[in-house]
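Undergrad: Under the working numbering, the first residue of the sequence shown carries the number 11, and numbering increases by one thereafter.
Glycine included, each C-beta is placed from N, C-alpha and C at the ideal position.
Once you've had a glance at the structure underneath, I'll fire off some questions.
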Amino acid sequence: MPALTGSRSGSETRAARARIPTRSSRTGAHGRAISCASSCAARATRLTRASGPSSTSRSRSSSSRTRRGSRCCSRRGWSPQRRRCAALRRTRSASRRTARSGSGGDERDTSRRRTCSRLRQMMGMGGPGGMHMFMWGPGGRGEGKRPSLSMYRRLLQYVGPYKWNLVFAAALLVVSTALGLIWPQVVQRVIDLGLRDAGFLDLLILGLIVVLLVRAVIDGLRQFVMAYTGESVIFDLRMGIVRHMQSLSLSFFNRRKTGELMSHVTSDATLVHGVITQTIIQVLGQVLTLVGGVAVIFLMNWRLALLTLVVAPPIAILGQRMGRRIRDISREAQDAQGEAVGVLQEAIAEVRVVQAFTREEYEAARFHEKLLFTFKKTIERARISATMFPIIGFLGFMSVIVVLWYGGHEVARGEMTPGMLVAFLLYINMVAGPVGQLASQWTQVQQAFGAADRIFALLDTVPEIQDRPGAAALPPVRGEIRFEEVGFRYGAASEPTVLDDLSTTFQPGETTALVGPSGAGKTTLVNLVGRFYDPVSGRIVVDDHDLRDVTIRSLREQIAVVPQEPILFADTIRENIRYGRLDATDAEIDEAARSANATEFIARLPNGLATIVGERGVRLSVGQRQRVAIARALLRNAPILLLDEATSSLDNESEYLVQQALDRLMRGRTTIVIAHRLSTVERADRILVLDHGRIVEEGTHGELLALGGLYHRLYTRRFVDVDAVRPAEAGEAAAIMAGMPAAAEPRRLRVVR
């Protein structure tokens with residue numbers, strides 16, 4: 011990626027910046043919710059003024075109280091949820107006061123209805139889930155607001171299969187912690203007794219060496235067990251993410267960027283991995299050390315112990331509040347990082363277009379803006395940590411100073427020995443160390459929780475297309491496909507209809523060509539056959555089996571697909587063909603390549619079928635990629651074929667070879683083809699002409715030409731998938747295609763979209 015230097019146009023820079031979410035835009039929803047509630051309360055007070063003069067003073071006081079309460083809430087530092095609740099309560103109170111101040115029942119009902127209606131519209135509370143939506147925001151409680159206990163519970167589900175590893179590691183940790191607590195006792199005896207007896211001193215030192223050696227071995231074994239467990243858990247988590255993503259519907263991937271989804275498997279899982287492999291066992295060890303150390307210092311001198319623990323509550327409160335903020339910031343940073351990865355992945359995947367349009371600086375600016383947001387959030391997180399840790403350290407040192415002051419007086423009075431005071435200070439150090447480390451690791455845990463929020467939000471996404479309970483496997487089919495009054499639209503009911511009450515039957519072994527202007531519904535119809543989407547009305551039947559009553563896997567196993575743009579994987583030609591049927595033998599792969607007219611060009615490659623085709627098959631020409639895709643579909647040998655012909659222009663020889671391969675592929679199969687080649691529609695058994703989601707013409711090539719309708723107009727445009735011209739201009743288009751003058755004054759053909 012080029013460095014972000016040099017000049018670029020202001021419009022490009024503004025366009026790049028416009029895509030970047032800022033902190034204010036991300037938090038603006040909360041502010042808008044409060045503003046909406048306050049404005050709704052103000053409207054309620056205005057309505058009371060129409061009820062009579064007696065209510066005016068109450069309305070004004072209500073409005074002023076609402077404004078004062080709103081300002082007060084903003085100063086208190088309340089969470090967005092709490093502020094929304096307060097705004098809702100104020101608005102309801104204003105509504106009740108308004109209703110009471112009215113002069114008649116009808117006016118009170120009208121005022122109440124207006125206020126409540128306005129409240130629901132502004133707060134998004136029109137449905138049964140409105141209160142949940144209002145309380146937790148558009149993402150719901152599960153998106154960014156999941157309680158920590160629930161988060162631990164979900165993470166423990168992945169740890170469950172390795173619980174005995176954790177038990178073993180915890181046992182080793184208990185032994186290691188107990189051995190660590192011996193050290194201050196040895197120091198006390200060295201000071202109080204060992205200095206008087208050299209032989210006893212030697213024995214103490216030798217015993218201490220043995221203890222430290224045993225502890226080192228135990229710690230090494232524990233670290234290995236935890237590393238193995240953590241890697242296993244993250245392996246399962248990543249596989250779970252990938253399997254779940256592959257089960258999601260096409261509409262989900264249409265809304266998300268590839269790089270953003272990849273960040274769930276990479277960076278998000280890495281943060282969670284750090285918590286599982288290191289932080290959990292470290293926190294457990296520090297808690298054991300903390301509990302053991304506190305117990306010992308209370309046994310040694312309870313007065314000094316109480317003085318020491320005075321600083322514990324402030325440290326706990328500070329860590330809890332700062333940790334929550336760090337978690338929110340970490341989630342925002344991870345979201346922005348996912349967006350940055352998406353921009354980068356897109357720029358790399360389409361680098362040919364980027365360079366062709368000299369948009370290197372523009373793409374660098376887009377990535378820079380996304381990365382800058384991540385940088386700012388990371389710095390904000392570091393600022394919070396830099397504020398929290400020095401305060402915790404200062405409080406810890408203050409406790410040590412208090413112990414030195416009070417303990418020194420007790421030693422002077424003979425109530426403690428010097429060795430006891432030194433041992434007590436060592437125990438204080440052992441207790442203070444875990445407190446500081448727990449604060450640091452709490453920060454890491456909150457960062458991981460931000461990543462886990464994103465992961466579980468993805469895992470909680472329910473596939474729009476899934477098997478019904480009790481769905482049966484589809485038996486081998488002949489290939490009859492029947493559409494019965496099928497309607498479909500993408501998204502909500504407000505979206506335009508793509509297919510409208512469409513009914514037709516595709517006979518077994520018949521080749522049907524779909525023709526029509528762009529947006530007519532051809533691709534949607536093909537996607538519905540493969541059940542990549544479900545119709546919103548009507549049903550689709552294959553051999554008298556409703557598609558929604560059979561399993562998705564059994565349906566798609568009887569369908570072969572050749573997409574418009576042949577998609578090949580960065581593997582060998584052999585493995586790309588084998589993708590059609592994984593248990594195929596090399597002989598079957600060779601036969602499929604031969605039937606697809608791919609043998610000749612494969613033989614010219616240095617490694618033949620073992621040639622790596624590159625990402626998306628970039629090392630092959632368009633015609634070669636098409637023939638490999640046809641070979642893959644031939645190997646599938648499915649009774650139903652869905653074919654979206656490529657619009658790419660080929661040389662005459664490649665066109666001939668591809669058409670021959672397609673003829674072999676379609677023979678004897680129920681074929682639905684989105685046709686772009688004239689030869690395909692001429693050979694089709696039947697042609698369906700679609701327009702605005704309906705079948706407007708049906709017949710053979712000759713019959714439709716004689717009809718002189720939409721198909722004839724499309725045919726006069728050399729039969730490419732373009733928008734239809736207006737009927738008045740059809741003759742003009744035909745005349746132009748025939749090379750004849752259309753009119754005395756030539757007019758520009760318009761395209762209706």
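1. Look at the Cβ atom of glycine 548, then the Cβ atom of glycine 497, and state whether they are nearer than 8 Å.
2. Is the stretch 256–268 in contact with the stretch 466–475, if contact means three or more CB pairs nearer than 8 Å?
3. Report yes or no: do three or more beta-carbon pairs, one from the stretch 629–645 and one from the stretch 594–605, lie closer than 8 Å?
4. What does the alpha-carbon distance come out to for the pair threonine 609 and isoleucine 244?
5. Could you have a look at threonine 471 and say whether DSSP puts it in helix, strand or coil?
6. Rounded to a whole number of angstroms, what is the C-alpha to C-alpha distance between histidine 711 and proline 545?
7. Tell me, which residues are paired with isoleucine 682 by DSSP?
8. So what's aspartate 614 in DSSP terms, helix, strand or just coil?
9. Given 8 Å as the limit, is there contact between the stretch 372–391 and the stretch 336–351, that is, 3 or more CB pairs closer than that?
10. With distances taken between CB atoms, is the gap from alanine 716 to threonine 522 smaller than 8 Å?
11. Would the stretch 299–319 and the stretch 186–198 be scored as touching if the rule is three or more Cβ pairs under 8 Å?
12. Since glutamate 494 sits in a beta bridge, which residues does DSSP pair it with?
13. How should leucine 667 be labelled, buried or exposed, when 16 other C-beta atoms within 10 angstroms of its C-beta is the threshold for buried?
14. May I ask you to report which of helix, strand or coil DSSP gives arginine 199?
15. Name the DSSP bridge partner or partners of glycine 709?
16. Decide if lysine 380 is buried, meaning its Cβ has at least 16 other Cβ atoms within 10 Å, or exposed.
17. Tell me the residue span of the alpha helix (DSSP H) that contains serine 242.
18. For alanine 39, name the three-state secondary structure that DSSP assigns.
19. Roughly how many angstroms separate the alpha carbons of glutamate 241 and alanine 580, rounded to a whole number?
20. Can you check whether the CB of leucine 651 is closer than 8 Å to the CB of leucine 675?
21. What's the call for threonine 239, buried or exposed, on a 16-neighbour Cβ count within 10 Å?
22. Short of 6 Å in beta carbon distance, which residues of its chain neighbour arginine 696, apart from the five on each side in sequence? Order them along the chain.
23. On the DSSP bridge list, what partners appear for threonine 507?
24. Between the C-alpha atoms of isoleucine 228 and isoleucine 201, what's the straight-line distance to the nearest angstrom?
25. With distances taken between CB atoms, is the gap from isoleucine 307 to tyrosine 168 smaller than 8 Å?
26. On the premise that valine 235 lies in contact with phenylalanine 178, defined as a C-beta separation below 8 Å, what is that separation, rounded to the nearest angstrom?
27. Does the beta-carbon of proline 324 have 16 or more other beta-carbons within 10 angstroms, so that it is buried, or is it exposed?
28. Using 8 Å as the cut-off, can you tell me whether the stretch 266–284 makes contact with the stretch 459–469, which would need three or more C-beta pairs spanning the two stretches below that distance?
29. Which whole-angstrom value is the C-beta distance of serine 664 and glycine 633, which I expect to be below 8 Å?
30. Would you report the Cα separation of glutamate 495 and leucine 512, rounded to the nearest angstrom?
31. Distance check for valine 197 and leucine 793, CA to CA, integer angstroms please.
32. What residue ranges within the stretch 561–642 form continuous beta strand (DSSP E) runs of no fewer than 3 residues, ordered along the chain?
33. For arginine 629, which residues of its own chain have a beta-carbon under 8 Å away from its beta-carbon, when the five flanking residues on both sides are left out?
34. Report all residues from its chain with a CB closer than 6 Å to the CB of proline 444; omit the five preceding and five following residues, and keep chain order.
35. State the Cα-Cα distance for the pair proline 485 and valine 560, rounded to the nearest angstrom.
36. So, using beta-carbon positions, are glycine 269 and glutamine 355 closer together than 8 Å?
TA: A quick look at the data gives this:
1. Yes, Cβ-Cβ distance for glycine 548 and glycine 497 is below 8 Å.
2. Yes, the stretch 256–268 touches the stretch 466–475.
3. Taking 8 Å as the limit for Cβ pairs, the verdict is that the stretch 594–605 does touch the stretch 629–645.
4. Using only the alpha carbons, I get a separation of about 44 Å.
5. Note: threonine 471 maps to coil in three-state DSSP.
6. Whole-angstrom Cα-Cα distance: 29 Å.
7. Answer by DSSP bridge pairing, in chain order: Thr522 and Leu652.
8. Note that residue 614 is arginine in the sequence shown here, rather than aspartate. Per DSSP, reduced to three states, the secondary structure at arginine 614 is helical.
9. The answer is yes - the stretch 336–351 touches the stretch 372–391, with three or more Cβ pairs under 8 Å.
10. Contact: no.
11. Touching, yes, given that three or more Cβ pairs across the two stretches are closer than 8 Å.
12. According to DSSP, residue pairing for glutamate 494 in a beta bridge involves Arg549.
13. Answer is buried; the Cβ neighbour count reaches 16.
14. Collapsing the DSSP output to three states places arginine 199 in a helix.
15. Bridge partners of glycine 709: Ile697.
16. Of the residues assessed, lysine 380 falls on the buried side of the cut-off, its CB having 16 or more other CB atoms within 10 angstroms.
17. Boundaries of the alpha helix (DSSP H) around serine 242: 208–257.
18. Reliability fails at alanine 39, whose pLDDT of 40 lies under 50, so the model's placement of it is uncertain and the value that follows must be treated cautiously. Correct three-state label for alanine 39: helix.
19. In a straight line, the C-alpha of glutamate 241 is about 27 Å away from that of alanine 580.
20. It is a contact, given that the beta carbons lie within the stated cut-off.
21. Result: buried.
22. Once the five neighbours on either side are set aside, the close Cβ partners of arginine 696 are Thr522.
23. DSSP output for threonine 507 lists Arg499 as bridge partner(s).
24. One C-alpha to the other measures close to 28 Å.
25. No, Cβ-Cβ distance for isoleucine 307 and tyrosine 168 is not below 8 Å.
26. With a contact defined as Cβ atoms closer than 8 Å, phenylalanine 178 and valine 235 qualify at about 6 Å.
27. Answer is exposed; the Cβ neighbour count stays below 16.
28. Contact annotation: the stretch 266–284 touches the stretch 459–469, with at least three C-beta pairs closer than 8 Å.
29. About 3 Å; that satisfies the 8 Å criterion.
30. Cα to Cα, glutamate 495 sits roughly 5 Å from leucine 512.
31. Because the chain spans 11 through 763 in this model, residue 793 falls outside it and cannot be assessed.
32. Counting only runs of 3 or more, we get 569–572.
33. Excluding positions up to five away in sequence, the list reads Thr621, Ile622 and Val623.
34. Here the set comprises Gln296, Thr299 and Leu300.
35. Looking at the two C-alpha atoms, the distance is approximately 9 Å.
36. Between glycine 269 and glutamine 355, the C-beta spacing is below 8 Å.
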